[in-house]
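**Q** Those protein sequence lines, which keep their order, are chains A and B.
Here the first sequence stands for residues 1 to 206, numbered as in our numbering.
Here the second sequence stands for residues 207 to 412, numbered as in our numbering.
Protein chains: 2
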Amino acid sequence: METLPDKTVERLSQYRRSLNNQLAKGKEHIFSHEIANLLHITSVQVRRDIMLIGYSGTLRKGYDIKELVHLIGVILDTDDGQKIAVIGMGNIGKGFIHYLYEKRSKLKIVAAFDINPEKIDKTYADVYCYHLDKLEEIIKKENIKIGIITTPPQVAPEIADKLANAGIKGILNYTPKPLSVPEDVYLEEYDMITSLEKVAYFVKEE
Amino acid sequence: METLPDKTVERLSQYRRSLNNQLAKGKEHIFSHEIANLLHITSVQVRRDIMLIGYSGTLRKGYDIKELVHLIGVILDTDDGQKIAVIGMGNIGKGFIHYLYEKRSKLKIVAAFDINPEKIDKTYADVYCYHLDKLEEIIKKENIKIGIITTPPQVAPEIADKLANAGIKGILNYTPKPLSVPEDVYLEEYDMITSLEKVAYFVKEE
DNA sequence: TTCCCATTGTTAAAATAATAACAATAATTT
DNA sequence: AAATTATTGTTATTATTTTAACAATGGGAA
Ligand SMILES: NC(=O)c1ccc[n+]([C@@H]2O[C@H](COP(=O)([O-])OP(=O)(O)OC[C@H]3O[C@@H](n4cnc5c(N)ncnc54)[C@H](O)[C@@H]3O)[C@@H](O)[C@H]2O)c1
Ligand SMILES: NC(=O)c1ccc[n+]([C@@H]2O[C@H](COP(=O)([O-])OP(=O)(O)OC[C@H]3O[C@@H](n4cnc5c(N)ncnc54)[C@H](O)[C@@H]3O)[C@@H](O)[C@H]2O)c1
Chain A
1 METLPDKTVE RLSQYRRSLN NQLAKGKEHI FSHEIANLLH ITSVQVRRDI MLIGYSGTLR
61 KGYDIKELVH LIGVILDTDD GQKIAVIGMG NIGKGFIHYL YEKRSKLKIV AAFDINPEKI
121 DKTYADVYCY HLDKLEEIIK KENIKIGIIT TPPQVAPEIA DKLANAGIKG ILNYTPKPLS
181 VPEDVYLEEY DMITSLEKVA YFVKEE
Chain B
207 METLPDKTVE RLSQYRRSLN NQLAKGKEHI FSHEIANLLH ITSVQVRRDI MLIGYSGTLR
267 KGYDIKELVH LIGVILDTDD GQKIAVIGMG NIGKGFIHYL YEKRSKLKIV AAFDINPEKI
327 DKTYADVYCY HLDKLEEIIK KENIKIGIIT TPPQVAPEIA DKLANAGIKG ILNYTPKPLS
387 VPEDVYLEEY DMITSLEKVA YFVKEE
């Protein structure tokens, strides 16, 4: 399949979560406008996204939730599940690990790294925390493909370099420091302060 | 000023942070392409954003950093600084408070709320944590206008209702539960798993 | 049966955002 | 002093994303 629009990919992830909730409640079919209500978007957008991934519902009955969840899985997940490392076991890093723990996601955090002796050689929700020096070794051995950076911002560029060298193919950067990565590494950055200042701006404009 | 594009607002916040870094390094003027490099975007975009906020640099000398930072402040900040409350003092809530602590931002977290007795009636980086029951009272008394929700997802809708009732005008929702709010409340939602699945998708597509 | 109507799937249009193009101009070089 | 260069500011173009429009269809009602 040719690559899907950025925003559609984001929504698919959200559809899946909501759909799984509905499945858990015993619902088997769902209409586009129902999905739309759950996510507070429009039903047109839902239908369009579903069209783009090549699924068809049945008229008057809507979409088969199980089938749709499965298809989203085919699109978003890899066959073997992608392995993830977290670098920086502070508030955010730990939060992430605990959050993913017990989620039945195909995405698995398999290693954590830090430099603080109090944090390393311990296990957090089944994830072992290594010293940063072991980064390359473990990433290669485990064939980890994605890294989440939750260190202090100053060291983020250095961590990004190390990750790229070790063969990581995707980085999620939670520090407010913008990073440069080689062309073949996909980079997603998120800055909480930006979100907050955005809210503040639009509140002010009312 | 007519409202700026969404994305421009996000970038202004980022410009300001980078510009302050440069100021701290003793730099007084900066070119559009320098700002662009810091943020890994194009210089055209920088110039366009700066045009939109009505600032002019001087040819060959670039932008006066201090002036630009000041103007971004005029746009993003309110006169008195906006007050913020955090609901849910877990990993993310605490992280946020510590992060904003000692930042010289006009945005001030002035109260936290939780229901866990171990968390309440304590102070975290100068922010006092109240029992959730006090929410409406404190928000009204302190004239808090923005709420950050970092509770478990199940209770998020209930918290959002309480916030809206108490007169909050902007909500930043970090739980994966989509919320509904009254028309006059600005809502920004962010879901870490969505970011992660997005990275995973684009890594897979390579 | 025949007609309505809810709902999908798809194409078309509009809105938003990013990029390119380029004119203007002030500093620097020749 | 003329030409060159670096840089801004702005308009035009292109790309992406969202929204609207509507034809198709099959279930249920009359
Ligand atoms: N931490 C992450 O990396 C991560 C990732 C994805 C999503 N999330 C989401 O972010 C949210 C917060 O995550 P976290 O790791 O900080 O969770 P956490 O469990 O550490 O913290 C939640 C806090 O909310 C409090 N709380 C519970 N019910 C409450 C109520 N009714 N009113 C007020 N406070 C209440 C709890 O006492 C606790 O202090 C969760 O919704 C989680 O799903 C977190
Ligand atoms: N927590 C928030 O709400 C929030 C908000 C905005 C931005 N941020 C950013 O997110 C990032 C993480 O925030 P946090 O609150 O989890 O920070 P934190 O200070 O709690 O955790 C940082 C962790 O990184 C480790 N570390 C330091 N240097 C390291 C290195 N070279 N290699 C590996 N690990 C190293 C530290 O030992 C610590 O465990 C920071 O960049 C922060 O600026 C956080």
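For every residue, glycine included, the Cβ atom is placed at its ideal position computed from N, Cα and C.
Any chance you could list the beta strand (DSSP E) runs of at least 3 consecutive residues sitting entirely within the region 67–120 of chain A, in chain order?
**A** The qualifying runs are 83–87, 108–114.
**Q** Closer than 8 angstroms between beta carbons: that is the criterion. Which residues of the region 378–403 of chain B meet it against chain A?
**A** Hits within the stretch, in order: Leu378, Pro382, Pro384, Leu385, Ser386, Asp390, Tyr392, Glu394, Tyr396, Asp397, Met398, Ile399, Thr400, Ser401, Leu402, Glu403.
**Q** What does Leu68 of chain A touch in chain B if you count any residue whose Cβ is under 8 angstroms from its own?
**A** Result: empty, since nearest Cβ-Cβ is about 16 angstroms, beyond 8 angstroms.
**Q** I'd like the ranges of any alpha helix (DSSP H) spanning at least 4 consecutive residues and lying wholly in the region 210–257 of chain B.
**A** Listed in chain order, the complete alpha helix (DSSP H) runs (minimum 4 residues) inside the region 210–257 of chain B are 212–230, 238–245.
**Q** Counting only beta-carbon atoms, is Leu76 of chain A nearer than 9 angstroms to chain B?
**A** Taking Cβ atoms only, chain B reaches closer than 9 angstroms to Leu76 of chain A, which makes this a yes.
**Q** Please classify Thr175 of chain A as buried or exposed, where buried requires at least 16 other C-beta atoms within 10 Å of its C-beta.
**A** The residue in question, Thr175 of chain A, is buried, as its Cβ has 16 or more Cβ neighbours within 10 Å.
**Q** Closest by CA to Gly376 of chain B, which one among B:Lys289, B:Ile326, B:His276, B:Ala331?
**A** If we check each option's Cα against that of Gly376 of chain B, B:Lys289 comes out closest.
**Q** Quick one: which chain B residues come within Cβ less than 9 angstroms of Ile144 of chain A?
**A** Ordered by position in chain B, no residue passes the 9 angstroms Cβ test against Ile144 of chain A, which lies about 11 angstroms from the chain.
**Q** Jot down the residue ranges of each uninterrupted beta strand (DSSP E) in the region 126–180 of chain A, minimum 3 residues, whole runs only, in chain order.
**A** Segments of the beta strand (DSSP E) lying fully in the region 126–180 of chain A: 127–131, 146–149, 170–173.
**Q** Quick one: what's Asp270 of chain B bridged to in DSSP?
**A** Beta-bridge pairing links Asp270 of chain B to B:His235.
**Q** Between the region 13–40 of chain A and chain B, which residues of the former have CB atoms less than 7 angstroms from a CB of the latter, in chain order?
**A** Under the 7 angstroms Cβ criterion, the region 13–40 of chain A contributes Ser13, Gln14, Arg17, Leu38, Leu39, His40.
**Q** Considering only residues of the same chain and omitting the five flanking positions on each side of Pro384 of chain B, which have a CB-CB separation below 7 angstroms?
**A** Within the same chain, Pro384 of chain B has close Cβ partners Glu395.
**Q** So, for Gln228 of chain B: in the same chain, excluding its five sequence neighbours on each side, which residues have a beta-carbon less than 7 angstroms away from its beta-carbon?
**A** Taken in chain order, the residues that qualify are Ile236, Ile271.
**Q** Which residues of chain B have a Cβ atom closer than 9 angstroms to the Cβ of Leu163 of chain A, listed in chain order?
**A** Correct list: empty, because the minimum Cβ distance to chain B is about 12 angstroms.
**Q** Tell me whether Thr357 of chain B counts as near ligand 2, meaning its Cβ is closer than 8 angstroms to at least one heavy atom of that ligand.
**A** Incorrect: Thr357 of chain B has no Cβ contact closer than 8 angstroms to ligand 2.
**Q** Taking the Cβ atom as the reference point for each residue, do Ala112 of chain A and Gly95 of chain A lie within a distance shorter than 9 angstroms?
**A** The answer is no: Cβ separation not under 9 angstroms.
**Q** Flag Asp212 of chain B as yes if its beta-carbon sits less than 9 angstroms from any beta-carbon of chain A, otherwise no.
**A** Interface residue, yes.
**Q** Under 9 angstroms between C-beta atoms, does Asn297 of chain B make it to chain A?
**A** Answer yes: the Cβ-Cβ gap between Asn297 of chain B and chain A drops below 9 angstroms somewhere.
**Q** Is DSSP giving Glu411 of chain B helix, strand or coil here?
**A** Looking at Glu411 of chain B - three-state DSSP - the assignment turns out to be helix.
**Q** Which two residues bound the contiguous beta strand (DSSP E) that contains Leu187 of chain A?
**A** It spans 186–189 - the beta strand (DSSP E) in which Leu187 of chain A sits, taken as one unbroken run.
**Q** Which residues of the region 325–356 of chain B have a Cβ closer than 7 angstroms to any Cβ of chain A? Give them in chain order.
**A** Residues passing the 7 angstroms Cβ filter: Lys351, Ile352.
**Q** Would a C-beta distance cut-off of 9 angstroms place Ile149 of chain A and Ile159 of chain A closer than the cut-off?
**A** Taking 9 angstroms as the Cβ cut-off, Ile149 of chain A and Ile159 of chain A qualify as a contacting pair.
**Q** Excluding the five sequence neighbours on either side, which residues of its own chain have a C-beta within less than 7 angstroms of the C-beta of Pro363 of chain B, listed in chain order?
**A** Taken in chain order, the residues that qualify are Lys383, Leu385.
**Q** State yes or no: is the C-beta of Met295 of chain B nearer than 8 angstroms to some heavy atom of ligand 4?
**A** For the structure depicted, ligand 4 is absent and the ligand set comprises only ligand 1 and ligand 2.
**Q** Determine the contact status of Ile53 of chain A and Ile35 of chain A, defining contact as a CB-CB distance below 9 angstroms.
**A** No, Cβ-Cβ distance for Ile53 of chain A and Ile35 of chain A is not below 9 angstroms.
**Q** Given a cut-off of 9 angstroms on the beta-carbon distance, is the pair Leu132 of chain A and Asp114 of chain A in contact?
**A** Taking 9 angstroms as the Cβ cut-off, Leu132 of chain A and Asp114 of chain A qualify as a contacting pair.
**Q** Closer than 8 angstroms: is that where the CB of Ile193 of chain A sits relative to any heavy atom of ligand 2?
**A** Under cutoff, so the answer is yes.
**Q** Just to confirm, are Gly62 of chain A and Ser32 of chain A a CB contact at a threshold of 9 angstroms?
**A** In this structure, Ser32 of chain A lies closer than 9 angstroms to Gly62 of chain A by Cβ.
**Q** When you measure from the CB of His304 of chain B to every non-hydrogen atom of ligand 2, does any distance come out below 8 angstroms?
**A** Checking every heavy atom of ligand 2 against the Cβ of His304 of chain B, one is found closer than 8 angstroms.
**Q** Work out the CA separation of Gly373 of chain B and Gly116 of chain A for me, nearest whole Å.
**A** The sequence shown places Asn at residue 116 of chain A, rather than the Gly named in the question. Approximately 43 angstroms between the Cα atoms of the pair.
**Q** State yes or no: is the beta carbon of Phe96 of chain A nearer than 9 angstroms to at least one beta carbon in chain B?
**A** Judged by the 9 angstroms Cβ criterion, Phe96 of chain A is in contact with chain B.
**Q** So who's on the other strand from Thr123 of chain A, going by DSSP bridges?
**A** Looking at the DSSP assignment, Thr123 of chain A forms a beta bridge with A:Tyr128.
**Q** Note down, in chain order, every chain A residue with its Cβ under 7 angstroms from the Cβ of Phe408 of chain B.
**A** Here the neighbours are Gly170, Tyr186.
**Q** Can you tell which of B:Lys325, B:Val361, B:Val391 has the C-alpha that lies nearest to the C-alpha of Met295 of chain B?
**A** Out of B:Lys325, B:Val361, B:Val391, B:Lys325 has the C-alpha closest to the C-alpha of Met295 of chain B.
**Q** To the nearest angstrom, how far is it from the Cα of Leu107 of chain A to the Cα of Ala85 of chain A?
**A** Each residue's Cα considered, the two are about 11 angstroms apart.
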